[in-house]
Structures are given as C-alpha cells and as structure tokens.
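Numbering (the working numbering), first residue to last: 200 to 510.
In this text, a Cβ means the ideal position worked out from N, Cα and C, and glycines have one as well.
These numbers come from a predicted model, not from an experiment.
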C-alpha cells in the first residue's frame, strides 16, 4: 500500500488525536458491531452485525445501492470534516463539459443528440490521496480491517483490498456553492462514500439503477434521463455519517447542483478493489486530479479491460 505523506496543513497534535480515537470510536459500534462477525451466534452483537449485512445485501441486490445509516459517529464526522477543510487547498477543481462516460469531445460516429454527444457541466473537485497524513481519521476509517471485512460481507465477496491508487484510493469529493457532478458512470464496480457535510440546498445524490449492462449500453434509457426524464430515478436522503455502497458501473448517477447560497457539500470516498495492487486509468485520473503519477503510466501499458463499455 502507498502511504500518504504528512500534510503541513494538519498539526501533529490533531493527527495524534485522530489516531488515539481508533476505529471503534469512529464507527457507531452499538449499531454496527464490527467485532460481531466472530462472536457466538447467540450473542446480540453477532445478530446485529448480520442484520446490518443483510440490509445492505438486500439493497445491493435490488438496485445496486446499500445505505448504512449513521455508520460514522458525530464525533468522527466533525474530525473528518476538519481534515477535509484542512486539506481543501489541495483540491483539484475543474470545470468541464462531459458526457456520461467522461468524454469531452464530439464523436462523429453518433448523432448529435445521442448520449455520447450529450455534454453537461462538471464543476466539482477532488482532494487527492496524497493530501492526507498517514495518521488521521480519514485514513484510519479507510484502512480498518474490520471495516473492510464488513464491506466485503455486504458485497458478498471473500475479501476486499484498499485501492492502491496513490491519488484515487482515499479522496474527498467537494461541491462548492453552485457546483454539480452530472450524470455519469463509474469505471470501478462499486464505490463507498460517507457524507460528511451536506449542502443546505441541492447536492442530492440521484441514481437510475441498472440502465446498462456489460453487453448493452442502454442508450435509449440514458438518453431519456439526459433529456430530463425521471423514469427509474431514485433520490437518496443522506445525512452526515451515512455510509453508502453503490454499484456505479451500470447505474447512471449524479449529485445535483449545490445552491449558490449553500454551504459546500463534502463527501469522503473510500475506494476498494477485489484484487490488491490496482491502479486507476490515466485519462480518468487526469480528469479528476489534474495529474498522473509514474504508477499510472506504468499500469496503463499493461492494462486489460474487463468489458467493452464506452467507460
């Protein structure tokens, strides 16, 4: 795993405070007992653990989205937001017009009104992984083995690994007043986010589950949504501390525009992969973070795609 360099914007004293807090105080372990998995079956914490897992599995099976309400404690939310605010000067903000596949250029192989040639403003920002100190609440929560185990159980997979990308593994998405993240697909199978600071107005997470598959781009459904249609659209009522597991590879999704008079919207993004040592794609990395590292260039030369989707 790559370890982020200490940030000069966070004091050693604050870092030590975050480390001393520990994952058991970052997570509401009464509601989500991280140790419950390995306790005897008749133990109440064991039952609570598996209730949470089954709730998440039901959501993921039905529409590709699971919500663990108030997963992170109020104390931890304050710490996470303090860390995001401290690292915010290192945010890469960009104003682009993109299609749902993050392309920015017209494709003459498709009609002018085709989803591939339908572009919308993206005006959000991302704090890169190397902006965080190695000892902080964000990093502690992201790398906690107990949290990885819980997420793997929710996803019904044997194991989960922290995304090894030095920029995209541990990030925060920032939407300042007036900004939005338009309809798009993810390149990874799933994403894990924690809402840290909601917008006062706007900044709503919306998604249309399963509008495409690995074998079918679903252009008709996508075109309807880009034209303002609401068929199949879900809007999540997220609160600070809510953890969301979302399969965004096949579900179109967006964060609506934050009102001009609102406080910024801050969300922590914890990226995990099925296999260890995974590094992100060069083009998407450059779009989100404004730069790529040697690891991205090297990995791109040997990358093998898992599907033939546009992206």
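Here's a check: name, in chain order, each residue in its chain whose Cβ is nearer than 7 Å to the Cβ of residue i, leaving out the five neighbours to either side.
i           : result
residue 201 : Reliability fails at residue 201, whose pLDDT of 39 lies under 50, so the model's placement of it is uncertain and no value is given.
residue 511 : It is not possible to answer for residue 511, since the shown part of the chain is limited to 200 through 510.
residue 491 : 481, 484, 485
residue 276 : 395, 439, 440
residue 495 : 478, 479, 481, 484
residue 355 : 256
residue 303 : 295, 296, 297
Taking residue i as the reference, which of the options has the closest Cα?
i           : options            : result
residue 393 : 305, 352, 338      : 338
residue 347 : 361, 331, 410      : 361
residue 420 : 395, 313, 265, 224 : 313
residue 467 : 474, 442, 422, 418 : 442
residue 400 : 488, 456, 285      : 456
residue 340 : 508, 222, 267, 386 : 222
residue 454 : 311, 318, 374, 269 : 374
residue 433 : 426, 451, 422      : 451
residue 372 : 259, 291, 498      : 291
residue 327 : 416, 412, 429, 286 : 286
residue 351 : 252, 298, 483, 277 : 252
residue 234 : 245, 479, 296, 284 : 245
residue 318 : 301, 324, 332      : 301
residue 330 : 501, 349, 283      : 283
residue 299 : 426, 261, 249      : 426
residue 461 : 497, 469, 379, 413 : 379
residue 140 : 296, 413, 488      : Missing from the structure shown is residue 140; the chain here goes from 200 to 510 and no further.
residue 368 : 305, 475, 415      : 475
residue 259 : 415, 388, 315, 487 : 388
residue 325 : 294, 240, 315, 229 : 294
residue 297 : 315, 280, 311      : 315
residue 226 : 261, 274, 383, 309 : 274
Can you name, in chain order, every residue of its own chain whose Cβ lies under 6 Å from the Cβ of residue i, other than the five neighbours on each side?
i           : result
residue 431 : 407
residue 435 : 404
residue 377 : 459
residue 447 : 385, 390
residue 186 : What the structure shows of the chain is the stretch from 200 to 510, and residue 186 is not part of that stretch, so it cannot be assessed.
residue 502 : none
residue 429 : none
residue 236 : 248
residue 381 : 319, 321, 453
In this structure, what does DSSP give as the bridge partners for residue i?
i           : result
residue 326 : 371
residue 295 : 321
residue 226 : 271
residue 472 : 360
residue 266 : 443
residue 404 : 435, 454
What first and last residue would you give for the beta strand (DSSP E) that runs through residue i?
i           : result
residue 344 : No beta strand (DSSP E) holds residue 344; the alpha helix (DSSP H) holding it covers 344 to 354.
residue 382 : 380 to 383
residue 394 : 390 to 396
residue 256 : Segment 243 to 262 is the alpha helix (DSSP H) holding residue 256; no beta strand (DSSP E) there.
residue 464 : 464 to 469
Can you find the residues in the same chain that come closer than 8 Å, C-beta to C-beta, to residue i, ignoring five residues on each side of it along the sequence?
i           : result
residue 438 : 268, 269, 394, 397
residue 410 : 417, 420, 421, 424, 431, 449, 450, 451
residue 359 : 347, 348, 350, 351, 471, 472, 473
residue 493 : none
residue 242 : 235
In the DSSP assignment, find the unbroken alpha helix (DSSP H) run with residue i in it and report its ends.
i           : result
residue 495 : 493 to 500
residue 486 : 481 to 488
Could you name each continuous alpha helix (DSSP H) segment of 4 residues or more that falls completely within the segment 406 to 455, going from the start of the chain to the end? 418 to 425
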